[in-house]
Amino acid sequence: MASKPYEQSYAAPNDGPRPAYDRPETGPGTGPGTGPEVESETVPRDRPTDGPADGPIDGPYDLITMGRLGVDLYPLRGGVTLDRVETFGRFLGGSPANVAVAAARLGRTTALVSRTGADPFGTYLRRELCGFGVDPRWVTEVPEQSTPLTFCEIFPPDHFPIHFYRRPKAPDLEIRPHELDLPALGAARAFWMTGTGLSAEPSRTATLTALRSRAERAPAAGEDAFTVFDLDWRPALWDGDTPADQARPLYREALRYATVAVGNAEECAVATGEHEPHAAARALLATGVRLAVVKQGPKGVLVLAADGTFAEVPPLPVDVVNGLGAGDAFGGALVHGLLAGWDLERTLRYAGAAGAIVAGRLACSTAMPYDAEIARALADGTGSIPEPPDPGDPERAPDPAPEITRNPGRPR
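Structure representation (structure tokens):
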């Protein structure tokens with residue numbers, strides 16, 4: 001396949017040990033813990049674990065994301081429709097989860113607020129989050145519900161059907177306001193939520209509660225704190241015959257409390273009524289956000305700030321394997337650049353390279369790039385770069401990364 005640009009959908013190197021977290025405990029306002037206490041042990045850095053890494057983090061999280069979490073099942077055979085696929089690969093999925101993974105790959109301390117079914121897939125997802133360095137303390141179980149599954153055909157690779165199995169209701173839409181750790185959400189340097197979280201109750205009220213709580217704490221947080229609204233328009237996940245009409249007032253309410261809005265042309269049209277990218281960016285700023293990021297597909301991405309600063313960058317060319325997840329890599333890198341204080345053009349180029357790399361790989365979560373990979377993509381002018389060996393591959397070269405000690409710790 002010829003190289004082609006992919007829709008623009010991390011910055012310190014991540015050469016040290018993964019971020020450290022403390023074990024969850026059950027308690028009001030903290031989100032009930034899941035799973036048994038784990039004794040201290042030494043584990044290889046790249047091996048998924050059944051608990052967080054090595055003790056409490058020092059200070060607030062860099063990023064907390066909230067919302068969709070599930071299992072992605074991808075065909076291990078390309079170029080065919082789903083009805084002809086016989087084998088699948090299993091991966092952690094859900095946009096907010098993948099954004100947290102993307103930022104963690106760059107050394108950021110991250111956590112996820114979500115829910116799963118009380119089933120083996122839920123256990124798998126919490127273990128994977130730990131393995132990626134994402135704190136799962138606020139990922140809780142919903143009895144008698146099943147963890148969502150998502151199938152994609154990867155055919156054609158840049159515009160393929162996605163099949164969500166989230167009915168009658170996904171556990172991540174059962175996030176309840178009273179379970180939120182509002183002090184932790186308010187203290188995080190960045191908070192990321194999505195439009196899907198507004199699609200049903202009680203997640204809708206919980207999401208708006210989190211946004212309002214952060215807005216109340218904004219004066220103390222200062223200009224260096226970011227509340228990101230990923231417009232994330234997926235009409236199949238909304239009920240009713242006119243989902244856009246249902247979503248628009250909810251999107252506008254959420255935008256009142258956000259400082260950054262991210263979306264493509266269709267998503268911006270749902271939120272603002274404007275489809276043209278520059279007009280959409282201006283309309284987003286009119287809602288009160290400080291930064292409007294508009295993805296333009298093959299034209300790249302543009303950003304407009306409330307102070308008039310503007311940047312627009314083209315995408316990197318890439319041989320597209322699976323476009324699903326490129327936007328999540330972009331999101332994690334975007335947050336990283338904002339927290340690092342980079343200028344807008346540098347942030348967009350870096351985030352665009354991260355997205356291009358993931359578009360050139362099969363999976364989402366495991367495909368999220370490290371700093372060195374992004375630097376190589378930018379230097380080479382292409383997102384098609386070799387993927388590092390799978391840590392589970394017995395023929396993989398020995399991992400030079402140091403081991404880390406994992407301790408139970410205590411909640412902050």
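Per the UniProt record's numbering, the sequence shown starts with residue 1, numbered consecutively. Backbone N, C-alpha and C define an ideal beta-carbon position, used for all residues, glycine too.
In this structure, the straight-line span from the alpha carbon of Gly89 to that of Tyr74 is close to 5 Å.
A check of alpha carbon separations from Arg234 across Gln246, Leu285, Ala225, Thr227 identifies Gln246 as the nearest. With a threshold of 16 other beta carbon atoms within 10 Å, Asp83 falls short and is exposed. Using a 10 angstroms sphere on the CB of Arg167, the tally of other CB atoms stays under 16, which defines it as exposed.
According to the DSSP assignment, His275 belongs to no beta strand (DSSP E), since it is labelled neither H nor E. For Pro136, the secondary structure class from DSSP, reduced to helix, strand or coil, is strand. In the DSSP assignment, Phe330 falls within the alpha helix (DSSP H) that extends over 326-340. Straight-line measurement puts the Cα of Phe310 at about 11 Å from the Cα of Leu348. Here the region 132-147 makes no contact with the region 262-272; the two share fewer than three CB pairs at distances below 8 Å.
Under the DSSP assignment, Asp245 falls outside any beta strand (DSSP E), being part of the alpha helix (DSSP H) whose first and last residues are 243-255.
Pro143 is not a Cβ neighbour of Arg176, given a cutoff of 8 Å. The alpha-carbon of Leu339 is positioned some 7 Å away from that of Asp224. Buried is the label assigned to His336, since at least 16 other Cβ atoms lie within 10 Å of its Cβ.
Nearest neighbour of Asp328 by Cα position, chosen from Arg290, Leu344, Pro369, Asp319, turns out to be Pro369. Going by DSSP, Glu312 is part of the beta strand (DSSP E) stretching over 310-313. Per DSSP, reduced to three states, the secondary structure at Lys169 is coil, with no helix or strand assignment. When secondary structure is reduced to three states using DSSP, Glu141 falls in the strand class. Using a Cβ-Cβ distance cut-off of 8 Å, the region 186-201 and the region 61-80 are in contact, since at least three pairs of beta carbons, one from each stretch, lie closer than that value. Following the DSSP letters along the chain, one finds Asn98 inside the alpha helix (DSSP H) bounded by residues 95-104.
Under DSSP, Lys295 shares a beta bridge with Asn264, Val301. Residue range 226-230 is occupied by the beta strand (DSSP E) that includes Val228, with no alpha helix (DSSP H) assigned at that position. Take the alpha-carbon of Arg77 and the one of Ala170: they are about 28 Å apart. C-alpha of Phe226 to C-alpha of Glu86: approximately 43 Å in a straight line. Annotation for Tyr124: no residue places its beta carbon closer than 6 Å to its own, counting only its chain and skipping 5 residues before and after. Judged by DSSP secondary structure, Arg346 falls within the alpha helix (DSSP H) whose first and last residues are 344-359. Counting the other Cβ atoms within 10 Å of the Cβ of Thr81 gives fewer than 16, which makes it exposed. For Asp380, the secondary structure class from DSSP, reduced to helix, strand or coil, is helix.
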